[in-house]
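K.L.:
Chains as they are written, first to last, in the working numbering: chain S, -11 to 104; chain C, 590 to 703. Using N, Cα and C, we set each Cβ at its ideal position, and we do this for glycine too. It should be emphasised that the depicted structure is a prediction, and the values quoted were computed from it without experimental measurement.
(1) Give every residue of the same chain whose Cβ lies closer than 7 Å to the Cβ of residue 669 of chain C, excluding the five residues on either side of it in the sequence, and list them in chain order.
(2) Among C:695, C:703 and C:701, whose alpha-carbon lies nearest the alpha-carbon of residue 616 of chain C?
(3) Are the segment -5 to 9 of chain S and the segment 90 to 99 of chain S in contact at 8 Å, needing three or more beta carbon pairs?
(4) Mind pulling the alpha helix (DSSP H) runs of 4 or more residues that sit fully within the segment 46 to 80 of chain S?
(5) DSSP state of residue 28 of chain S, grouped into three classes?
(6) May I ask you to report which of helix, strand or coil DSSP gives residue 44 of chain S?
(7) Residues in the same chain with beta-carbon distance under 7 Å from residue 51 of chain S, minus the five sequence neighbours each way, listed in chain order, please.
(8) Does any C-beta atom of chain S lie closer than 8 Å to the C-beta of residue 689 of chain C?
(9) Does residue 90 of chain S have its Cβ less than 8 Å from a Cβ in chain C?
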């Protein structure tokens, strides 16, 4: 069965602090994709990144970085030097290569609040 | 500007009303989705259309009726809704040739049923 767990329901930090959002997943497939989406108060889910299961190289994009570890089935997301505009709900999601429908399995999300 | 646009952004309707949510994607995709996001609940996949055919209906009550007239447009027709149907309804799209299944979402339609 497929499952994505985001154990942190809410996180609060002060601006300029680093913050890591945790994501743990379960799947029986050997080929799958992992995603992070950001949902600001306006409602839209903004696509941030997709990683393939066969590529464990970590990725950095500006202040964002992602740590993918197959051994622990985790795909964690770190924001460096957080800013107030980073305040949003962040969702981790999983999709299996064999899914012809492109179904995404979402975690429950982590509400991040960055205080000035 | 988002490649997936939804209208209206906010809708308040009575339980006896009939209304529709509209979604349009400008990304050249050929699969479209309706998701429901309720407070304190995970995102729920409602319907999937692939190449304009409905390929999944996740046990959604018949008071929700989707329509996909072409690959760029998706509607969700609403009638005799219940207060518990109040939620954010998100439309999304993807290309079926993308094996990575990246889905792009619209801004959502906030629905309140009174």
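P.N.:
Concretely, from the data shown:
(1) Residue mapping note: residue 669 of chain C aligns to position 80 of the second chain, counting from 1. Within the same chain, Cβ atoms closer than 7 Å to the Cβ of residue 669 of chain C are found at 604, 605 and 652, the five residues on either side in sequence being excluded.
(2) Taking the first residue of the second chain as position 1, residue 616 of chain C is located at position 27. Of the candidates C:695, C:703 and C:701, C:695 places its Cα closest to the Cα of residue 616 of chain C.
(3) A contact exists between the segment -5 to 9 of chain S and the segment 90 to 99 of chain S.
(4) DSSP runs (the alpha helix (DSSP H)) wholly in the segment 46 to 80 of chain S: none.
(5) Numbered from its first residue, the first chain carries residue 28 of chain S at position 40. Coil.
(6) Translated into the one-based positions of the first chain, residue 44 of chain S becomes position 56. In this structure, residue 44 of chain S counts as coil in the three-state DSSP scheme.
(7) The residue given as residue 51 of chain S occupies position 63 in the first chain. Within the same chain, Cβ atoms closer than 7 Å to the Cβ of residue 51 of chain S are found at 67, 68 and 69, the five residues on either side in sequence being excluded.
(8) By 1-based counting over the second chain, the position of residue 689 of chain C is 100. Closer than 8 Å to some Cβ of chain S, the Cβ of residue 689 of chain C qualifies, so yes.
(9) In the first chain, counting from the first residue as 1, residue 90 of chain S sits at position 102. Closer than 8 Å to some Cβ of chain C, the Cβ of residue 90 of chain S qualifies, so yes.
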